[in-house]
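Which chain is which? The protein sequence lines are A and B, in order.
If you're matching positions, the first sequence starts at 0 in numbering that gives the first Met the number 0 and goes up one per residue.
If you're matching positions, the second sequence starts at 0 in numbering that gives the first Met the number 0 and goes up one per residue.
First up is the structure itself, then whatever we jot down about it.
2 protein chains.
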Amino acid sequence: MTIGDAAKASGVNAKLIRYYESIGLIPEAGRTAAGYRVYSSSDVNVLRFVKRARTLGFSIERIQILVGLWQDRSRSSAEVKRVALDHVAELEAKIAELRAMSDTLTHLAHACHGDERPDCPILRDLEEGGGSCCDGPPR
Amino acid sequence: MTIGDAAKASGVNAKLIRYYESIGLIPEAGRTAAGYRVYSSSDVNVLRFVKRARTLGFSIERIQILVGLWQDRSRSSAEVKRVALDHVAELEAKIAELRAMSDTLTHLAHACHGDERPDCPILRDLEEGGGSCCDGPPR
DNA sequence: CTTGACCTTCCAATCATTGGAAGCCTTATC
DNA sequence: GATAAGGCTTCCAATGATTGGAAGGTCAAG
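Okay, here's the thing in structure tokens:
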């Protein structure tokens with residue numbers, strides 16, 4: 000299989016496969032006499048694993064670890080679970096951050112007339128640093 | 000005020016102030032005879048506006064627009080609101096994406112024993128592409 | 001033998017921010 | 001006046017993951 004075939008079979012862009020190789024996420028592929036990279040179906044399995052892990056938002060660094068655990072028959076599921084839960088914690092932190100942004104902005108936009116007049120609570124918030132306008136009692 | 004003073008007053012790193020100037024987000028600062036950048040309190044206000052907007056997750060591109068509207072007395076609040084709501088839509092899309100990742104992983108981790116044995120539903124999901132393991136009926 | 005589709009490497013851009021290096025300016029102290 | 005500290009300047013580079021393009025080699029079919 001050439002890199003293009005492996006790309007189709009795995010769903011990972013050929014360009015990205017080369018990148019993954021360059022950073023050491025996947026091992027260096029074999030080469031034909033002409034210098035073309037050669038892939039086996041087990042290489043494609045690794046690429047599919049990586050793709051699924053990326054879909055779940057794992058960083059390349061964590062995927063390195065996961066691939067290592069995957070191929071280690073003496074792994075403990077506790078190790079895998081810890082990597083996954085570390086990632087979940089990061090996802091939840093990011094979600095909370097975005098949630099706070101969205102809620103603040105939604106609140107401000109709701110208070111904005113949205114007409115032809117220039118007066119706007121959104122700009123007032125940005126101007127004042129979001130300190131204390133319109134907020135309920137602090138808890 | 001020097002750039003360091005403006006940084007302290009606005010909360011925006013001096014390095015970042017230079018960057019914002021280089022990309023045209025803020026106008027070029029005046030200079031002393033020796034070439035030092037000079038800032039006024041109104042410059043600091045702009046920096047604070049930018050900082051607050053970044054805190055709310057606005058892209059630099061959108062902040063350009065917001066600063067323009069802020070300084071445009073003939074703006075309509077509808078324009079501001081639209082920019083804000085566009086951003087809210089992006090935030091919500093991102094949140095939904097991360098939510099799906101987190102939920103999937105939480106589910107998988109829950110099904111993982113997390114002990115010394117190698118068997119692990121998380122790795123099985125990554126291996127199989129998350130196709131049909133453990134899912135309820137598709138809707 | 002030419003065309004087109006593939007492959008190769010290298011460099012660059014994305015987005016916002018941070019870091020360092022090398023060198024100049026200002027201020028304070030000796 | 002020398003010197004040291006600390007702030008300022010510019011330029012270059014790195015982050016993370018991915019994508020884009022350019023320039024050139026290779027393979028298969030016609």
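Just so you know, even glycine gets a beta-carbon here, dropped at the ideal spot from N, CA and C.
Among the bridge pairs identified by DSSP, A/Val-49 is matched with none. Under the three-state reduction of DSSP output, B/Gly-29 falls in the strand class. From the listed residues B/Ala-33, B/Tyr-18 and B/Pro-26, the smallest Cα separation to B/Ser-39 is found for B/Pro-26. Per DSSP, reduced to three states, the secondary structure at A/Arg-81 is helical. Contact of A/Thr-1 with chain B is not assigned, every C-beta pair being separated by 8 Å or more. Per the Cβ contact rule, the segment 46-64 of chain A is not in contact with the segment 58-77 of chain B (fewer than 3 Cβ pairs under 8 Å). With respect to the 8 Å criterion, B/Ser-73 and A/Arg-116 are not classified as neighbours on the basis of their beta carbons.
Residue state for A/Val-11 is assigned as coil, using DSSP reduced to three classes. Under the Cβ distance rule, B/Lys-7 does not count among the residues neighbouring chain A, no pair being separated by less than 8 Å. Going by C-alpha positions, B/Gly-113 is about 45 Å away from A/Ala-108. Counting the other Cβ atoms within 10 Å of the Cβ of B/Arg-30 gives fewer than 16, which makes it exposed.
Comparing C-alpha distances from A/Arg-123 to each of B/Asn-44, B/Ile-59, B/Thr-1 and B/Asp-102 shows the shortest one belongs to B/Asn-44. Taking a beta-carbon distance threshold of 8 Å, A/Glu-126 counts as an interface residue toward chain B. Between the alpha carbons of B/Leu-24 and B/Leu-46 lies a gap of roughly 10 Å.
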